[in-house]
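Comments concern the structure below.
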Amino acid sequence: MSTSVPILFAHRGGRAHAPENSLEAFRLAVRLGATGLESDVWCTADGVPVLDHDGRVGQWPRRRAISTVTLGEVPATMPTLEALLAEVDSGLAVSLDVKDPAAATPVIQLAAVDETTGRLWLCHPDHEVVASWRDLDPRVHLIHSTRVDRIGSSLERHAMELASAGIDGVNLPEAEWSAGLVKLFRRFDLACLGWDAQHRRQIDRLMALGLDGIYGDHVDRLVDGLAAGCS
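Residue numbers (the numbering used here): 803 to 1033.
In structure tokens, the structure reads:
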């Protein structure tokens, strides 16, 4: 799969502009022109998907894993996925780094309520875990987030395995993408996504390679890069 125009994912809501993974950041990212929002998702002990990078609450040395506390015990500043989905237009892409694999099912079920599962891009570093989510909903975009040196088999074999498992794409660090890699993964109809594109030169390079999605903290730079690439 590929997109004609790359999705501009505001990493952790565009943390260069506002506190990361906050509703304030997500709202601002949309106003600045992001066409996608990125966050990290965990599941509370009572089954509620919440957005946070570290996955722990409380102060040291009494920090606790989110999976061991209820929604009522997490900080009020930590948004739920439901709150995010209610905030933004139903057509906006939402990319979630699924830090807790147990969160995948409630995440997909939540999006299915308003029939917007197709907006979800679920990412995880273990492609077998990602493949196990395929039967949950055929519309969700499943992405293997990894690095080239963590792919045990040959890149071509890995691409074939991803496609055969129903995985939709691969997410690599900006610096690892090349024209050859894009061509390889596209042969297997896999989306090509790049993360940690923080500077215009990095964004411009990924634009020139034709990536389908670009993740960065600076939404303004992503938007400017797209405008320059389309001019």
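Note that CB positions come from ideal geometry on N, CA and C, so glycine has one too.
Worksheet item: Under 9 Å between C-beta atoms, does A831 make it to chain D?
Response: Absence of chain D from the displayed structure is noted, only one protein chain being present.
Discussion item. Quick check on DSSP: helix, strand or coil for R865?
Written reply: coil
Item to complete: Taking 9 Å as the cut-off, decide whether the C-beta atoms of R814 and D1019 are in contact.
Response: yes
Worksheet entry | Buried or exposed by the 16-neighbour rule on C-beta atoms within 10 Å, applied to Q1004 | buried
Item to complete: Grab the span of the beta strand (DSSP E) containing A895 for me, first residue to last.
Response: A895 to V900
Worksheet entry | Inter-residue spacing [alpha-carbon to alpha-carbon] between A818 and E840 | 13 Å
Fill in: Length of the line joining the Cα atoms of G996 and L1011
11 Å
Item to complete: Return the chain-ordered list of same chain residues with a C-beta closer than 7 Å to the C-beta of G1027, the five sequence neighbours on each side being excluded.
Response: R1002, I1005, D1006 and M1009
Worksheet item: Since A895 contacts W923 with CB under 8 Å, what's their CB separation in whole angstroms?
Response: 6 Å
Discussion item. Let me confirm a value: R952 is counted as buried when at least 16 other C-beta atoms fall within 10 Å, else exposed. Which label applies?
Written reply: exposed
Worksheet entry | Sufficient close CB pairs (3 or more, under 8 Å) joining the stretch 945-960 to the stretch 907-922 | no
Worksheet item: Taking just the CA atoms, how far does L1013 sit from R1023?
Response: 16 Å
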